[in-house]
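For the protein sequence lines, the chains are A and B, in the order given. Residue numbers for the first sequence follow our numbering, so the first one is 1 and each next one is one higher. Residue numbers for the second sequence follow our numbering, so the first one is 400 and each next one is one higher. The C-beta atom is built at its ideal place from N, Cα and C for all residues, glycine as well. One structure is given below, encoded as structure tokens.
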Amino acid sequence: MFGWEFPPYNSGGLGVACEGLVRGLVNQGVKITFVLPKKVDCQSSLCKIIFADFNIKSRIFNSLLSPYLTSKSYQDLVRRAGRGGIYRRDLISEVLRYGQAGRRIALAEDFDLIHSHDWLSFPAGLAAKKISHKSLVAHIHATEFERTGGHHVNQEIYEIEKEGLSKADMVIAVSNLTKTKIIQHYGIEPEKVRVVHNAVEYKDFMYLGGDLPDLKSSGQKIVAFVGRITLQKGPDYFLRAAKKVLDQRPNVLFIIAGAGDMERQIIEQAAWLDIADKVLFAGFLRGNELAKVYQMADLYVLSSVSDPFGMTPLEALANGTPVLISKQSGVAEVLHHCLKVDFWDIDQMANKILAVLEQPELYQCLKENGHQEVRKLSWQDAANKCIEVYKEVLNFSAI
Amino acid sequence: MPSICLYLHAHQPLRLRNFSIFNIGKNHSYFDEERNRAYLERIVRKSYLVTNKILLDLIKDTKGKFKVSFSITGILLEQLEKDFPAVIKSFQDLIRTGCVELLSETYYHSLTYLYSKEEFKEQVKLHREKIKKLFNYAPQIFRNTELMFNNEMAKFIEKMGYQGILAEGADHILGWRSPNFLYRVKGAEKIKVLLRNYRLSDDISFRFSNRNWSEWPLTAEKYISWINQINGHGQVVNLFMDYETFGEHQWEETGIFEFLKSLPYRVLENPNNNFKTPREVVKLFKPVGELDFPNIISWADTERDLSAWLGNKMQQASLRKIYSLETAVKKSKDPLLIEDWRRLQTADHFYYMCTKWFADGDVHKYFNPYESPYDAFITFMNIFNDLKMRLNPKEA
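If you want it as structure tokens, here you go:
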């Protein structure tokens, strides 16, 4: 299985999804070798983890690869890392270099099937497929169209995605929304695409006791946003809805937990909207810190412009916090006991946020029913669906 | 010789328009006229006009041996008067035959009985007035919203002067007894209760088009053979269902109209069988025993209770809040305000907030304008807050 990150070294939900899936697969007796592009201090009792760069004899180096990089932000990183360094000049070259490692790893490892997560690992998966003649399952967590909101799609990334999807024996999409994109934008035949929704491991959550008890007891309400501060997640829409909420009800705090390329813009926008004192930027959080944010919030909002899945609402619900989610998200396909809005409908977003803050019965029903619903989701079910896909692929290739 | 008592309940709510918190205090137009007219147009076209024509033909062709009963809510009648007067006329034609009985109920199809007996009586009166005005008719038999019923209600309705009341033939009330008889009710003196035969009723209203049902396709011949089995141990088979069964819940393509057209003839083929209306049943038959209804039952869902309307906290809160305004609303003497308040009591508003099987996507979806029960609650509460503001303009 080719990936790019694995908890605790994850920058977003993709690493979490990989771990959940691996756990479910291993439970069913699937043996997994998980390949990461760069050496990190990462170990798992679940599977063997190997690092693409570690075995490179000629040059040992760290890569700057991380899953949410765009070409531009990669170049910024390179610039910051200084000249004369060991890094290739652009993201694409890095991905292709990881791809070459795929060939070498395929020769060294024993396996029946290749499972590649997203475009960054597609070249590696394809190289492994070519040398081993084993089948490739391409798992799409996000397409370039979703990362960019459809603007300034990077042609090279698109080509890599398209090649991976076209040459894969089977494609797994994290939602019907993404499946549709794969069919429409990449011309993949629908019969080849299966949908496996993400899940959340309920037992991972426990109550930690919220922070800011004084604020809460004074009637202050908290609305949270957790995610990368980037176009795809719609932080600007969240902020504009916050403004409308605050116009009606001043004692609400909005917490934005995450980092991203729009961070400065959003901070400035909060000041410009004159709500800077009501919007807290918590930075990138994980583990208990993140759980605390979920738990102290009265409502969690996913304002994504286009989200192939969006796992944070599941985490919020597992932590007992009701959620308002964008209809333009894959998670909307699995969650019913939540509020839904079009990301662009700021008035409705504010209307529904206010309703949850002001109607205790609504808060209670969303919290209890949503919690029940999310308990029924499991990575085991997702893994079982993957195994069905594996069986299909292996049967097919055996003919 | 079982009599057949066919009773159809006709109702369409005034659905609310999308009313956000930003509308509060800015406008007081609560009802989605366009959507309501569009839904009603479809039902009028697919169900009411076609079915009424069939029923009238049946009455004429059987020389009055076929009989049928209706309850038509006030809220539906006013919509029909406004936009579809032809339907009103078709009901008037039916009632003029003398073979059609009309039942009494609350004008607004409300759950008022549970919250305010005073308001309940007023809404029943409003409905009687509407029925009198449109059809020159005075009902003697009562049915409460969703066929909700218990001992206390029987007593209350009896005091209001009714001779009979309709209820669900719920298994847990009947035990070994049959729904095909008239019963007295514990605690009440004279009033008689007619119990819905839910198996035979649901065979038509729910299962008729279900291809996975072992009895599909249901023919009038097959159906009448089931009714004939009752011969000798039953007075009356009460077939109670939504009027919209014919043409809307069961589309024309399912053959429901052909079934309706032929059933009366199959019934009347056996000289022991006949059609009766609730009033005739009450007059003709003696109760065979007394039944105890300690808790409220209804004809809804498998639970046969009111949990689809009162099952969660949102429903309980919104109902409690709307009735908490009663005194202030009436004191205002503002007819528009009073009317809006009453229209907000229609049971459907609370039904749309039901979370019971929401995730499964089910029967509750029928003509439901909301994407989720939570949206239904949010819209309702925004409107409630606007109405409340009209009562106390100073607070605004």
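I'd like to know if residue i contacts chain A, where contact means its C-beta is closer than 7 Å to some C-beta of that chain.
i, result
"B/Phe469", "no"
"B/Ser613", "no"
"B/Asn791", "no"
"B/Met788", "no"
"B/Lys712", "yes"
"B/Ser428", "no"
"B/Ser357", "Not covered by the structure: residue 357 of chain B. The range shown for chain B is 400 to 795."
"B/Asn751", "The sequence given here has Tyr at residue 751 of chain B, not Asn. No, no contact with chain A."
"B/Ala795", "Residue confidence for B/Ala795 is low, a pLDDT of 49 falling below 50, so the modelled location carries little weight; the figure read from the coordinates is stated next. No - not a single Cβ of chain A is within 7 Å of the one on B/Ala795."
"B/Phe783", "no"
"B/Phe757", "yes"
"B/Tyr773", "yes"
"B/Ala566", "no"
"B/Ala855", "Given a span of 400 to 795 for chain B in the structure shown, any question on residue 855 of chain B remains unanswerable."
So is residue i in contact with chain B if we call contact Cβ pairs under 7 Å?
i, result
"A/Arg83", "In this prediction, A/Arg83 has a pLDDT of 42, which is less than 50 and means its spatial position is unreliable; nothing more can be read from the coordinates."
"A/Asp298", "no"
"A/Asp423", "Because chain A is modelled from 1 through 399, residue 423 of chain A falls outside the range shown and cannot be assessed."
"A/Gln359", "yes"
"A/His336", "yes"
"A/Met347", "What sits at residue 347 of chain A in the sequence shown is Asp, not Met. For A/Asp347, the answer is yes, since a Cβ of chain B falls inside 7 Å of its Cβ."
"A/Cys47", "no"
"A/Cys42", "no"
"A/Cys365", "yes"
"A/Gln380", "no"
"A/Ala332", "no"
"A/Phe61", "Confidence is the limiting factor: at A/Phe61 the pLDDT is only 35, short of 50, which leaves the residue's position unreliable, though a coordinate-based value still follows. Output row for A/Phe61: interface = no."
"A/Asn351", "yes"
"A/Ser58", "Residue placement at A/Ser58 is flagged as unreliable, the pLDDT there being 30, under the threshold of 50; the coordinate-derived value follows with that caveat. No, its Cβ sits nowhere closer than 7 Å to a Cβ of chain B."
"A/Asn369", "yes"
"A/Ala224", "no"
"A/Leu231", "no"
Could you pull the DSSP bridge partners for residue i from this structure?
i, result
"A/Met170", "A/Val137"
"A/Val279", "A/Phe254"
"A/Lys221", "A/Val252"
"A/Asp307", "A/Ser329"
"A/Lys38", "Paired residue(s): none; A/Lys38 is not in a bridge."
"B/Phe430", "B/Leu415"
"B/Phe483", "None; B/Phe483 has no bridge partner."
"A/Lys340", "A/Ile325"
"B/Ala409", "B/Ile471"
"B/Ser402", "B/Val635 and B/Asn673"
"B/Glu689", "B/Arg583"
"A/Tyr9", "A/Phe6"
"A/Thr33", "A/Lys48"
Is any non-hydrogen atom of the ligand ATP found closer than 6 Å to the C-beta of residue i, if you look at the structure I gave you?
i, result
"B/Phe469", "Although the ligand ATP was asked about, the structure shown includes no ligands whatsoever."
Considering residue i, what are the terminal residues of the beta strand (DSSP E) in which it resides?
i, result
"A/Ile50", "Lys48 to Phe51"
"B/Leu565", "Gly563 to Glu567"
"A/Arg194", "Val193 to Val195"
"B/Ile590", "No beta strand (DSSP E) holds B/Ile590; DSSP gives it neither H nor E."
"A/Tyr300", "Leu299 to Leu302"
"A/His185", "Not the beta strand (DSSP E): A/His185 falls in the alpha helix (DSSP H), residues Asn176 to Tyr186."
"B/Val499", "Val499 to Leu501"
Does any C-beta atom of chain C lie closer than 7 Å to the C-beta of residue i?
i, result
"B/Phe776", "The structure shown contains no chain C; its protein chains are A and B."
Go to residue i, then tell me how far its alpha helix (DSSP H) extends in each direction, as first and last residue.
i, result
"B/Met780", "Pro772 to Leu790"
"B/Glu753", "Checking the sequence shown, residue 753 of chain B turns out to be Cys, not Glu. Looking at the DSSP string, B/Cys753 is not in any alpha helix (DSSP H), and its letter there is neither H nor E."
"A/Ala271", "Glu263 to Trp272"
"B/Val449", "Leu448 to Asp460"
Open item on the list: Extract the residue ranges of the alpha helix (DSSP H) inside the segment 641-687 of chain B, only unbroken runs of 4 or more that lie entirely within it.
Closed with: 655-668 and 677-683
TODO: Could you say if the segment 513-527 of chain B and the segment 483-495 of chain B meet the contact criterion of at least three C-beta pairs nearer than 8 Å?
DONE: no
- [ ] Could you tell me whether the segment 120-134 of chain A touches the segment 185-192 of chain A, where touching means 3 or more Cβ pairs closer than 8 Å?
- [x] no
Task: Length at least 3, wholly inside the segment 509-589 of chain B: the beta strand (DSSP E) runs in chain order - done: 563-567
Open item on the list: Contact between the segment 564-571 of chain B and the segment 530-542 of chain B is defined here as three or more beta-carbon pairs at a separation below 8 Å; is this criterion met?
Closed with: yes
- [ ] Please determine if the segment 647-658 of chain B and the segment 588-595 of chain B are in contact, where contact requires at least 3 C-beta pairs separated by less than 8 Å.
- [x] no
TODO: Within the segment 86-116 of chain A, note down every full alpha helix (DSSP H) run reaching 4 residues or more, in order along the chain.
DONE: 91-108
Open item on the list: For the segment 765-781 of chain B against the segment 336-349 of chain A, do three or more pairs of beta-carbon atoms, one drawn from each stretch, fall closer than 8 Å, so that the two count as touching?
Closed with: Touching, per the Cβ criterion.
Open item on the list: Three Cβ pairs or more, each shorter than 8 Å: is that satisfied between the segment 659-678 of chain B and the segment 619-634 of chain B?
Closed with: In the pairwise beta carbon analysis, the segment 659-678 of chain B is classified as touching the segment 619-634 of chain B: at least three pairs are separated by under 8 Å.
- [ ] Count the CB pairs spanning the segment 371-381 of chain A and the segment 738-745 of chain B that are closer than 8 Å, and state whether there are at least three.
- [x] no
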